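**Student:**
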Amino acid sequence: MGDPALSRRGFLAASAAAGLGMTALTACGGDSDGGSSGTTTIEWWNISTTEPTKTVWAALARKFEAQNPKVKIKIVQLENDAYKSKMTALTSSGKLPDIFHTWGGGVLRQQVDAGLVEDLTDSTKPWADALLPVAKEPYLIDDRAYGVPFDIGMIGFWYNKALFKKAGISAPPTTWSGFLDAVRGLKSAGVTPLALAGKEKWPGMYYWAYLAMRTAGAEALQKAYDDKDFTGAPFVEAGEHLEELVGLQPFQKGFLGAAYSSPTGQAATVGNGKAAMELMGQWAPVVQADAGKGLGKDLGFFAFPAVEGGKGAITEVFGGGGGHALRRGAPQEAVEFLKFFASEATDLELVKKTGVLPVVPAAERAIADPNIKAVQEQLKKATGFQLYLDQAYAPAVGQEVNDSVAALISGSKSPEQVAQSVTKTTKEEQ
């Protein structure tokens, strides 16, 4: 994963709540609404299930409809894991929604290779050229654009300044050994160091991915995928570093059964002051406040620490953003909606109301939250960038990374077995 702002309560439950099945795409294809008005209905699938984003996005859809009276936007919202499961099924069936959320990378490539996604290069060029280049990169496949970004960001540690002070930690750690010392210090002070949604495997993957970047260097992750070999020493070492952290028992009680954005999940645990840190993306403050109380001025952000002796630098970042793609053959009105969503006016509203980082340079002036500014500053200093592994790689490989790292965290796989399992799946899928 990745992304952001999204909890995952199970595919079946979410599908039932939304009334979804394999026949749910009845409105796709720019069909008439059945009346005499000639209205075109566009189905828009997204993962914005938490507030305020859910309400803000719905309002934007209504605004677009007001500006385009003959267009109706039908919104389908699913939580992250439910969405991924549903989209995997729809990709296999060969039928995608008119407009759908994408993180780009290997998952989008699979859909493109299947001939299911519209090439947006020419239709969006007049206005997409103005968007931040780094934000567009995940959606470029063979130098053609298959998605339009609305967000960009990175994963890092969000921490409770008051709990750090209670434990006598004067500044965020910049090295892995210093981070482990901070974890020990927090435990000694009676503070739960970390919150983790163990039930949802993507948050745990962030630790292994970052540690692999720090031990092997950012470029090594793509090279290992291309070479179909994750068994090199740096990747095993990444697992060993994570195993050492797990051995300190840093996570909240019951973390293996915890979700991300539920009232008792990872975000709420941090937002309610019951854990000192979580490793999460730029959307974290919004979800902490939605699922819990939020920390306000006590909330801080710091980059994932450097690993002593590793080839990676602390300025190499792991993350990504959110974008929208269109099914192949989607109506022109869907392109117009992407243009509307990528406009300066919309981006300003998203930055002000939902805390996203802008993809329209002119919208940068709307950033007021000091922590969001801190994330932006880290991105500006970045010397390397790696997309979420469960999106950068082919779907089966990304899932294996998530599954194997979750097994390591639960104690059922060793660092060597993680590297071997990911390698095996990569060889099978390429």
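The sequence shown begins at 0 in numbering that gives the first Met the number 0 and counts up one residue at a time. Each residue gets a CB set at the ideal place from its N, CA and C atoms; glycine is no exception. These numbers come from a predicted model, not from an experiment.
Straight-line CA distance for Y82 to L95?
**Tutor:** Cα-Cα distance, rounded: 12 Å.
**Student:** Let's test the definition: count the other Cβ atoms within 10 Å of the Cβ of G308 and tell me whether it reaches 16, buried, or not, exposed.
**Tutor:** G308 should be labelled exposed.
**Student:** Hey, how far is the Cα of A26 from the Cα of A393?
**Tutor:** Unreliable placement is indicated for A26, whose pLDDT of 38 sits below 50; no coordinate value is reported for it.
**Student:** Roughly how many angstroms separate the alpha carbons of W102 and G146, rounded to a whole number?
**Tutor:** Approximately 9 Å between the Cα atoms of the pair.
**Student:** So, at 8 Å on beta carbons, what are the nonlocal neighbours of S31 in its own chain, with the 5 sequence-adjacent residues on each side left out?
**Tutor:** With a pLDDT of only 40 at S31, under the threshold of 50, the placement of this residue in the model should not be trusted, and no figure is reported.
**Student:** Using 8 Å as the threshold, is the segment 346–354 in touch with the segment 52–68, meaning 3 or more CB pairs across them?
**Tutor:** Verdict: yes, contact present.
**Student:** Under three-state DSSP, which class holds V116?
**Tutor:** Here V116 sits in strand by DSSP.
**Student:** Straight-line CA distance for K64 to E239?
**Tutor:** Position check: residue 64 holds Glu in this sequence, whereas Lys was assumed. Going by the C-alpha atoms only, they are around 53 Å apart.
**Student:** By DSSP, does K71 sit in helix, in strand, or in coil?
**Tutor:** Note: K71 maps to strand in three-state DSSP.
**Student:** Judging by CA-CA distance, which residue of D112, P172, E415 and A223 is the nearest neighbour of W157?
**Tutor:** Closest option to W157, Cα to Cα, is P172.
**Student:** Of all the options D112, E117, P148 and D142, which has the alpha carbon lying nearest to the alpha carbon of A129?
**Tutor:** Checking every option, the nearest Cα to that of A129 belongs to P148.
**Student:** Ends of the beta strand (DSSP E) at E277?
**Tutor:** Run containing E277: M276 to M279, per the beta strand (DSSP E) assignment.
**Student:** Note down, one range per segment and in chain order, each beta strand (DSSP E) of at least 3 residues found wholly within the segment 282–347.
**Tutor:** The qualifying runs are 298–301, 315–319 and 322–325.
**Student:** Can you check DSSP and say which residues form a bridge with R143?
**Tutor:** Bridge partners of R143: I140.
**Student:** Go through its chain and collect everything with a Cβ distance to V190's Cβ below 7 Å, but skip five positions before and after it.
**Tutor:** Result list for V190: L162, K165, A166 and A275, in chain order.
**Student:** Go ahead and label E427 buried or exposed: buried means 16 or more other beta carbons lie within 10 angstroms of its beta carbon, across all protein chains shown.
**Tutor:** When all chains shown are included, E427 counts as exposed.
**Student:** From P369 to K379, what distance separates their C-alpha atoms?
**Tutor:** For P369 and K379, the distance between alpha carbons rounds to 15 Å.
**Student:** Is the Cβ-Cβ distance between T263 and Q251 less than 7 Å?
**Tutor:** No. Outside cutoff.
**Student:** State the Cα-Cα distance for the pair V70 and D118, rounded to the nearest angstrom.
**Tutor:** Going from the Cα of V70 to the Cα of D118 covers about 22 Å.
**Student:** Skipping 5 residues on each side, what residues in its chain have a beta carbon closer than 6 Å to that of A418?
**Tutor:** Within the same chain, A418 has close Cβ partners F229, T230, F234 and V235.
**Student:** Mapping the DSSP letters down to three states, classify E42 as helix, strand or coil.
**Tutor:** It is a strand residue.
**Student:** In the DSSP assignment, what are the bridge partners of Y158?
**Tutor:** Answer by DSSP bridge pairing, in chain order: M276 and G299.
**Student:** Do you know offhand how far E243's Cα is from F300's?
**Tutor:** So the alpha carbons of these two residues sit roughly 23 Å apart.
**Student:** Give a yes or no on whether the C-beta atoms belonging to L388 and A215 are separated by under 7 Å.
**Tutor:** Going by C-beta atoms, L388 is not nearer than 7 Å to A215.
**Student:** Relative to the C-alpha of F99, which candidate in L325, L386, Q390 and F384 has its C-alpha closest?
**Tutor:** Closest option to F99, Cα to Cα, is L325.
**Student:** Who are the near neighbours of A373 in its chain, counting only those whose CB is closer than 6 Å to its CB and skipping five residues on each side?
**Tutor:** The answer, listed in chain order, is F300.
**Student:** Find the nearest neighbour of F317 within the set P68, T87, S47 and A211, judged by alpha-carbon distance.
**Tutor:** Answer by Cα proximity: A211.
**Student:** Going by beta carbon distance, what residues of the same chain come within less than 8 Å of V182, once the five residues before and after it are set aside?
**Tutor:** Here the set comprises P192, L193, L244, L247 and P249.
**Student:** I'd like the list of long-range same chain contacts for P304, defined as Cβ closer than 6 Å, with 5 residues on each side in sequence excluded.
**Tutor:** So the qualifying residues of the chain are P172, T173, T174, W175 and F178.
**Student:** Is S420 helix, strand or coil by DSSP?
**Tutor:** Three-state DSSP puts S420 in a helix.
**Student:** In this structure, does DSSP put F149 in helix, strand or coil?
**Tutor:** It is coil, neither helix nor strand.
**Student:** Which residue's Cα is closest to the Cα of I313: L107, Q385, D289 and P357?
**Tutor:** Closest option to I313, Cα to Cα, is Q385.
**Student:** Look at the alpha carbon of A188 and the alpha carbon of I168, and state the distance between them as a whole number of angstroms.
**Tutor:** Those two C-alpha atoms are separated by around 11 Å.
**Student:** When the Cα of K200 is compared with those of A144, M279 and P51, which residue comes out closest?
**Tutor:** With distances taken between Cα atoms, K200 lies closest to M279.
**Student:** If you reduce the DSSP assignment to three classes, tell me which class G177 lands in.
**Tutor:** Looking at G177 - three-state DSSP - the assignment turns out to be helix.
**Student:** Taking DSSP as the reference, what is the three-state secondary structure of I366?
**Tutor:** Reduced to three states, the DSSP call for I366 is coil.
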